[in-house]
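S.K.: Residue numbers (my numbering): 28 to 456.
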Ligand code: NDP
C-alpha cells in the first residue's frame with residue numbers, strides 16, 4: 028500500500044471501502060468474494076484443519092489505518108469482536124505518524140525446544156556429557172529437519188539445567204535440555220517438536236536417564252520484537268486537556284500498571300486488544316503469543332506493565348513495547364485460511380521479523396489509546412458510543428434499525444440491552 032491514510036474510511040459502506048482498497052491495493056475478485064461472502068473459509072478446508080467440524084466461526088475484519096512504521100505505510104488487518112479497538116488504534120497511529128511514526132527492531136528468530144530427562148544416577152555427570160556432545164546433538168537435530176538448515180536456520184546451540192537438585196522427590200529432580208532453533212519465517216512449533224523428539228533416544232543414551240517431555244517452549248524470549256515512539260505534547264492535546272496534561276496522565280497510568288498487578292492485567296489486556304486481532308487475522312497461534320507475552324511481563328518477578336512510558340529531556344512522551352513474538356509468515360494456518368493469506372498480502376510484510384515488529388507497534392498504539400482515554404474523558408465515552416450498535420443488535424435490531432436504535436441509546440445516555448429492547452419494540456410498532 029502506498030498510503031495507510033484513508034480519510035473518511037469509517038463513514039463509507041463496506042462496498043465503498045472495498046472499492047477504495049481495490050484502487051489502492053489492487054484487490055482481486057477472489058479476495059473481494061472471500062471478504063464479503065458469508066464464509067471465507069470453506070467448510071471442506073475447515074474439516075481438514077481441526078476435528079469434529081460442524082461449520083466455521085466468523086469475526087469482523089477491520090482495518091487499522093494511519094500506521095507509519097520505520098517510514099513504511101501499513102494497513103493493519105484486525106479480526107476482533109470488540110468495538111472501539113480498531114478506531115482507537117487508527118486514532119493513535121495518526122498522532123504517531125505526525126510525530127514521525129513508530130520505529131521498531133527485533134532479535135534473531137530463535138525459538139526454544141525443551142527435553143526433560145529424569146532418573147539419571149548422576150545429574151551433574153549427565154549434564155557434562157550433554158554439553159560434551161553438543162555438536163553431535165545439534166547435528167542430529169538438524170538432520171531431522173534439513174530444509175530449515177538450507178533456509179539458513181536450524182538448531183544453533185543448546186543449554187542444560189538441573190532442576191530441583193538435591194530434592195527428596197525423584198519426581199522433581201530433572202535435567203532439562205534447551206535447544207535453540209532459528210525457525211526463519213515460520214513460528215516453528217512443528218519443526219521444533221520434530222527436532223526434540225528425534226534426538227530424545229540419543230539424549231537417553233548419553234545421560235543414561237529417561238526422557239519424558241519433548242516440546243517447544245512458548246516463552247520465546249530469544250525471539251523478541253520492540254516498538255518505540257516519541258510524541259511531542261502538542262500532538263496529544265484533547266478537548267480541554269493540554270498536551271502536557273495528557274502526557275502526564277499517560278505516564279501516571281503506566282506507573283500504576285508498573286506497580287500493581289491488578290491494574291497491570293487490565294493494562295496488558297488492552298495491549299493484547301491490538302496484538303491478538305492481527306495475530307488472528309494472519310492465521311497465527313494467538314494462544315502462543317498471549318502465553319509468551321504475559322510470561323515476559325512477569326520476567327522480573329512481579330507481573331507488570333508490558334509497555335514503558337516516560338518523558339524525555341525535551342518533554343516528549345516516549346513509549347516502548349518489547350515482547351516475545353513467535354509468529355510466522357509461513358506455516359500453520361497462515362497459508363491455509365484464505366483471509367490469513369489475504370491479510371499477509373495486504374500488510375506487505377516480507378518476513379516473520381517484519382510481521383513481529385508491526386504487531387508490537389500496533390500493541391503500543393493500542394496501549395496509548397487506552398491510557399489517553401483513561402487519563403482524559405474516561406474509557407466509556409468513546410467505547411460505549413461504538414458499542415451501542417452491538418447492544419442494539421443484541422436487543423433484536425436489524426438492518427437500518429441498528430443505527431437508529433444505537434443513536435437513540437447514545438442520546439438517552441442509556442447504552443443497555445434492556446433499554447434497547449424497549450426501543451426496538453417501539454420502533455416495530
Ligand atoms: P509448519 O509445520 O507448517 O512448518 C512451517 C513450514 O514452512 C516448514 O515445514 C517449511 O517447510 C516451510 N517454509 C517455507 N518457507 C519457509 C521459511 N522462509 N522459513 C521457515 N519455514 C519455511 O508450521 P510451524 O512449524 O511453524 O508450526 C506452527 C503451527 O504449529 C501452528 O499452527 C501452531 O498452532 C502449531 N503448534 C503450536 C504449538 C504451541 O505450543 N504453540 C504446539 C504444536 C503445534 P520446508 O522447509 O520443508 O519448505
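All residues carry an ideal CB built from backbone N, CA and C; glycine is no exception.
Using a Cβ cut-off of 8 Å (strictly closer), state whether residue 84 contacts chain D.
M.R.: The question asks about chain D, but that chain is absent: this structure has only one protein chain.
S.K.: Counting only runs of 3+ residues fully inside the stretch 40-119, write out the beta strand (DSSP E) ranges in chain order.
M.R.: The stretch 40-119 contains these whole beta strand (DSSP E) runs: 88-96 and 99-106.
S.K.: At a cut-off of 7 Å, would you count residue 111 as near ligand 1, judging by its Cβ distance to the nearest heavy atom?
M.R.: Flag unset: Cβ of residue 111 not near ligand 1.
S.K.: Terminal residues of the continuous alpha helix (DSSP H) containing residue 140?
M.R.: Segment 137-145 is the beta strand (DSSP E) holding residue 140; no alpha helix (DSSP H) there.
S.K.: How about residue 68: is its Cβ closer than 7 Å to a heavy atom in ligand 1?
M.R.: Not so, every heavy atom of ligand 1 lies at least 7 Å from the Cβ.
S.K.: According to DSSP, residue 446 sits in a beta bridge with which residue or residues?
M.R.: Its beta-bridge partners do not exist; DSSP assigns none.
S.K.: Using only the alpha-carbon positions, how far apart do residue 300 and residue 48 sit?
M.R.: Rounded to the nearest angstrom, the two C-alpha atoms are 24 Å apart.
S.K.: Count the other C-beta atoms from every protein chain shown that fall within 10 angstroms of the C-beta of residue 447, then say buried if there are 16 or more, exposed otherwise.
M.R.: Answer is buried; the Cβ neighbour count reaches 16.
S.K.: Is residue 213 near ligand 1, judged by its Cβ being under 7 Å from some heavy atom?
M.R.: Yes, the beta carbon of residue 213 sits closer than 7 Å to at least one heavy atom of ligand 1.
S.K.: Thinking just about the alpha-carbon of each residue, which of 456, 386, 206 and 51 is nearest to the one in residue 251?
M.R.: The shortest C-alpha separation from residue 251 is found at 386.
S.K.: For ligand 1, any of its heavy atoms closer than 7 Å to the Cβ of residue 178?
M.R.: Yes, the Cβ of residue 178 comes within 7 Å of a heavy atom of ligand 1.
S.K.: Could you tell me whether the stretch 436-454 touches the stretch 293-310, using the rule of 3 or more Cβ pairs below 8 Å?
M.R.: With the cut-off at 8 Å, the stretch 436-454 and the stretch 293-310 do not touch.
S.K.: Compare the beta carbon distance of residue 238 and residue 393 with 8 Å and say whether it is the shorter of the two.
M.R.: Result no, Cβ atoms of residue 238 and residue 393 do not sit closer than 8 Å.
S.K.: What does the Cβ neighbour count give for residue 158, buried or exposed, with the cut at 16 atoms within 10 Å?
M.R.: Counting Cβ neighbours within 10 Å, residue 158 comes out exposed, since fewer than 16 surround it.
S.K.: Helix, strand or coil, according to DSSP, for residue 31 in the structure here?
M.R.: Looking at residue 31 - three-state DSSP - the assignment turns out to be coil, as it is neither helix nor strand.
S.K.: Just checking residue 210 against ligand 1 - is the residue's beta carbon closer than 7 Å to any of the ligand's heavy atoms?
M.R.: At least one heavy atom of ligand 1 is nearer than 7 Å to the Cβ of residue 210, so yes.
S.K.: Hey, residue 92 and residue 33: beta-carbon distance below 8 Å or not?
M.R.: Taking 8 Å as the Cβ cut-off, residue 92 and residue 33 qualify as a contacting pair.
S.K.: With DSSP run on the structure shown, which of helix, strand or coil describes residue 354?
M.R.: Looking at residue 354 - three-state DSSP - the assignment turns out to be coil, as it is neither helix nor strand.
S.K.: Sort 339, 443 and 276 by Cα distance to residue 421 and report the nearest one.
M.R.: The candidate whose alpha carbon is nearest that of residue 421 is 443.
S.K.: What is the rounded straight-line gap between the Cα of residue 31 and the Cα of residue 120?
M.R.: Spanning the two alpha carbons is a distance of roughly 10 Å.
S.K.: Could you check if residue 230 is buried or exposed, using at least 16 other CB atoms within 10 Å of its CB as the buried criterion?
M.R.: With 16 or more other Cβ atoms within 10 Å, it is buried.
S.K.: Taking Cβ to Cβ, would you say residue 400 is nearer than 8 Å to residue 390?
M.R.: Their beta carbons are not under 8 Å apart, which means residue 400 does not touch residue 390 by this criterion.
S.K.: Is residue 359 near ligand 1 - that is, is its Cβ less than 7 Å away from at least one heavy atom of it?
M.R.: True, at least one ligand heavy atom lies under 7 Å from that Cβ.
S.K.: How about residue 236 and residue 210: are their beta carbons less than 8 Å apart?
M.R.: Against a cut-off of 8 Å, the Cβ pair of residue 210 and residue 236 comes out as no contact.
S.K.: What are the boundary residues of the beta strand (DSSP E) that residue 209 is part of?
M.R.: Per DSSP, residue 209 belongs to the beta strand (DSSP E) from 201-209.
S.K.: Can you find the residues in the same chain that come closer than 8 Å, C-beta to C-beta, to residue 278, ignoring five residues on each side of it along the sequence?
M.R.: Here the set comprises 336, 337, 338 and 344.
S.K.: Please report the residue range of the alpha helix (DSSP H) in which residue 413 lies.
M.R.: 406-421 is the extent of the alpha helix (DSSP H) around residue 413.
S.K.: Residues in the same chain with beta-carbon distance under 8 Å from residue 41, minus the five sequence neighbours each way, listed in chain order, please.
M.R.: Excluding residues within five positions, the ones whose Cβ falls inside 8 Å are 63.
S.K.: Am I right that residue 89 and residue 123 are in contact with their C-beta atoms under 8 Å? What's the rounded C-beta distance?
M.R.: The Cβ separation is near 19 Å, so there is no contact.
S.K.: What is the rounded straight-line gap between the Cα of residue 274 and the Cα of residue 216?
M.R.: One C-alpha to the other measures close to 41 Å.
S.K.: Put residue 427 into one of helix, strand or coil per three-state DSSP.
M.R.: Looking at residue 427 - three-state DSSP - the assignment turns out to be coil, as it is neither helix nor strand.
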